[in-house]
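K.L.:
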Amino acid sequence: MTLLDAQEYDPEKARRRKMTITAAIVALIIIGFLVWRFPYWRAEFEVGHFFDALQKQDYKSAYAIWMHDPNWAQHPGEHPKYLFNQFYEDWGPGGEWGLIKTQHVNGVSTCPGPGSGLVVDVIVNDRSEHAQVWVEKSDHTLSFPPCELIFH
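So the sequence shown is numbered by the working numbering: it starts at 1125 and just counts up by one.
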């Protein structure tokens, strides 16, 4: 093929290519903005899902979310640091928060200094004292936070 044998210019094909490139650039800008604006959405979602399960009194599902292990019942010995019975005492009807009727994720932040997770603040039953849950970034397990933060 020589320069004289080149394909004829197709304006429709060029227009489609230009539109595809423009759409890809706009999509990347939007995704970048969302990641910048909502950097902690996954932690908020996980903790919200956890408190939804508690509100429904589905403590086994809540424990699965806490441990980030949906099959925990098949191998309960893999989580010896925080067994289901202790979890139920802490988060069940007799726990510090009682029966959870309302809950709302209030905010997310990091502990001062280097940290490997996020503290998610939750307003439970419209109490002035807020529940705080630590979300480990590496494995998405939940636990009690190593620091206590004040959210407004």
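Glycine included, each C-beta is placed from N, C-alpha and C at the ideal position.
1) Give a yes or no on contact between the region 1175-1183 and the region 1223-1230, applying the rule of three or more CB pairs nearer than 8 angstroms.
2) Are residue 1290 and residue 1244 closer than 8 angstroms when you measure CB to CB?
3) How about the region 1251-1268 and the region 1162-1171: do they share at least three Cβ pairs that are nearer than 8 angstroms?
4) How is residue 1152 classed by DSSP in three states: helix, strand or coil?
5) Going by alpha carbons, who is nearest to residue 1273 out of 1251, 1242, 1163, 1140?
6) Are there three or more Cβ pairs, one per stretch, closer than 8 angstroms when the region 1206-1217 is compared with the region 1176-1192?
7) Apply the 10 Å Cβ neighbour rule to residue 1266 and answer buried if 16 or more other Cβ atoms are within range, or exposed otherwise.
8) Does the separation of the CB atoms of residue 1203 and residue 1264 fall below 8 angstroms?
9) Can you name the start and end residues of the alpha helix (DSSP H) that residue 1173 belongs to?
P.N.:
Straight from the coordinates:
1) The answer is yes - the region 1223-1230 touches the region 1175-1183, with three or more Cβ pairs under 8 angstroms.
2) Residue 1290 is absent from the model: the chain starts at 1125 and stops at 1276.
3) The answer is yes - the region 1162-1171 touches the region 1251-1268, with three or more Cβ pairs under 8 angstroms.
4) When secondary structure is reduced to three states using DSSP, residue 1152 falls in the helix class.
5) Among 1251, 1242, 1163, 1140, the Cα nearest to that of residue 1273 belongs to 1242.
6) Yes: the two stretches touch, three or more of their Cβ pairs being nearer than 8 angstroms.
7) With 16 or more other Cβ atoms within 10 Å, it is buried.
8) No, the Cβ-Cβ distance between residue 1203 and residue 1264 is not below 8 angstroms.
9) Per DSSP, residue 1173 belongs to the alpha helix (DSSP H) from 1165-1179.
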